[in-house]
Structures are given as structure tokens and as C-alpha cells.
Amino acid sequence: QNRPRGGGGEQTEKEAIRKLVLEGKEPRWESMMQPACRRLLAKAMLDQEWKESIMQAHNPGPAKHAALANHHHNVGIIKKIFKHSLPILRQPGYLETHTNTSADHEAGIESTLALKWL
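When we follow the working numbering, the leftmost residue of the sequence shown carries the number 1, and every step to the right adds one.
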């Protein structure tokens with residue numbers, strides 16, 4: 001079943017992203033782990049791996065070039081939007097100390113150690 005554009009799901013994702021951005025330099029773990037935010041943060045955190053995957057999945061030519069250009073453009077925007085969250089997530093040990101905590105379970109966030117949360 002198709003949902004109308006601008007429907008509740010899309011609006012909820014935008015609200016989650018807006019909330020995280022408004023938290024500024026002190027983003028909350030729960031905000032970063034909202035599905036919409038987590039998906040975008042994962043793309044930025046795994047930028048190189050994603051790029052390598054694109055390179056392996058496409059034959060040389062315009063489609064490969066377009067996919068790489070699109071990825072570069074999207075990651076650039078994501079990095080600007082989440083300029084405060086990404087450095088925090090990249091701090092050594094941050095993910096290991098913030099995954100699978102009781103607060104995660106209370107918030108309904110299922111995550112695991114290291115990058116598997118992505």
C-alpha cells in the first residue's frame with residue numbers, strides 16, 4: 001500500500017532529524033539512534049566502505065561515475081547537517097560505551113557493539 005507523500009512517516013523522520021540538529025553540540029544518544037538519523041549517520045560514518053561498494057558493484061562508465069558523484073554529494077550534505085553528531089560518534093570508545101545500555105532498551109533502541117548499530 002502506497003502512503004501519500006508528506007505522510008506521517010516522512011514527517012516523523014524529518015522531525016527526528018530536526019530534533020537532533022537542534023540539540024547542537026550535545027546530541028543525545030537516543031536522538032542519534034532514531035531510525036532516520038541512524039540511517040544517515042551510518043552513510044556518513046561508513047563513507048569509504050560505501051564508496052568501495054559502489055565501485056565494486058558498477059562497471060566502468062557513466063552509471064558508475066553518476067553513482068559515485070551522487071554518493072559524494074549526499075555524504076557532503078549529511079556531514080554538514082550532522083556536523084556536531086559525527087565527531088562525537090567517532091570518538092574512540094564512544095560506540096562501545098553507549099550501546100546496549102539499559103537506557104537503550106528502555107527507549108526501545110536495539111543496538112550492538114561497534115559499528116553494528118549502524
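Note that CB positions come from ideal geometry on N, CA and C, so glycine has one too. Here the structure is a predicted model, which means the values were calculated and not measured.
C-beta atoms of residue i and residue j nearer than 8 Å
| i | j | result |
| --- | --- | --- |
| Leu68 | Ile54 | yes |
| Leu89 | Met32 | yes |
| Phe82 | Ala44 | yes |
| Pro35 | Ser85 | no |
| Lys64 | His58 | yes |
Status (buried if at least 16 other CB within 10 Å, exposed otherwise) for residue i
| i | result |
| --- | --- |
| Lys14 | exposed |
| Leu22 | exposed |
Cβ neighbours of residue i in the same chain (closer than 7 Å, five flanking residues each side left out)
| i | result |
| --- | --- |
| Trp50 | Lys43, His71 |
| Cys37 | Ala16, Ile17, Leu20, Ser31 |
Which ranges would you report for the alpha helix (DSSP H) in the segment 52–91 if only whole runs of at least 4 residues count?
62–81, 85–89
Jot down the residue ranges of each uninterrupted alpha helix (DSSP H) in the segment 16–40, minimum 4 residues, whole runs only, in chain order.
29–32
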